[in-house]
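Positions 11 to 191 (the numbering used here) are the ones given, in order, by the sequence shown.
C-beta: ideal position from N, C-alpha, C; glycine also.
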Amino acid sequence: MRAGFTLIELLVVVAIIAILVSLLLPAVQQAREAARTTSCRNNLKQLGLALHNYHDAHSVFPAGYYSWGTSDGSGPASASIDPDTWDAAPGWGWTSMLLPFMDQAPLYNRMNMRGACFAAENLGLIQTRIPGLLCPSASGPEAAFTVRDAAGDPLSIGGNQVVLGRSSYVASHGQESCWGE
């Protein structure tokens, strides 16, 4: 007789290896999810630090949303006010004010914060994907989302669709109604 493995012995070894791998896969997935959860927690910690650093610099936390419009529709003469929502430029959100405190000062410095966030010069910048604003465990598209008007149609300015960089984190913009809500 020749020394070697029979087909049955080989199949038994392969079956044992397959069982061991199937036992290890959940542990590997659990370790990966734990790492993603740690990353999400770190993002929240960094946002908290950015908020406090903003507060230290300005003695106030950033507003959830910056708009010139008021509930009666008044605003600067140069503001383009939407008569349906009384919303006006500039339209910057809270995260835009935190950019310098989140190691995103170069992006913040390229934005024209005195103008509307939807101004042509800012359209490309507001699409920027900022890793610190995305939780790896969050589901859904990571890149960006299209802004829609009150009717649900894609918002277009100067023939360009308005697309914003996505974030896994949100904040309240205040008590005034916005976007026809």
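Requested in this report: Using the Cα positions of A129 and R139, report the straight-line distance between them to the nearest angstrom.
Outcome: Answer to the nearest angstrom: the Cα atoms are 18 Å apart.
Query raised in the report: How many angstroms separate the CA atom of C127 from the CA atom of S177?
Result: The straight-line gap from Cα to Cα measures roughly 16 Å.
Query raised in the report: Taking the runs of the alpha helix (DSSP H) that are 4 residues or longer, which of them lie wholly in the stretch 119–154?
Result: Counting only unbroken stretches of 4 or more residues, the alpha helix (DSSP H) elements lying wholly within the stretch 119–154 are 130–133, in sequence order.
Requested in this report: Using three-state DSSP, classify R158 as helix, strand or coil.
Outcome: Under the three-state reduction of DSSP output, R158 falls in the strand class.
Query raised in the report: Among R46, G142, F111, which one has its Cα closest to the Cα of N63?
Result: Ranking R46, G142, F111 by Cα distance to N63 puts F111 first.
Query raised in the report: Tell me which same chain residues have a C-beta within less than 6 Å of the C-beta of Y76, skipping the five on either side of it?
Result: For Y76, the CB contacts under 6 Å within the same chain, skipping 5 residues up- and downstream, are P100, W102 in chain order.
Query raised in the report: In chain order, what residues of the same chain have a beta carbon less than 8 Å from the beta carbon of A87, not counting five sequence neighbours either side?
Result: Caution is warranted here: a pLDDT of 45 is assigned to A87, below 50, making its placement in the model unreliable, and the coordinate value is therefore given only provisionally. A distance below 8 Å between beta-carbons, with the five flanking residues on each side excluded, links A87 to no residue of its chain.
Query raised in the report: Distance, Cα to Cα, L20 vs L33?
Result: In this structure, the CA atom of L20 is about 20 Å from the CA atom of L33.
Report task. Would you mind sorting I29 into buried or exposed? The rule is 16 or more other CB atoms within 10 Å of its CB. Result -> The residue in question, I29, is exposed, as its Cβ has fewer than 16 Cβ neighbours within 10 Å.
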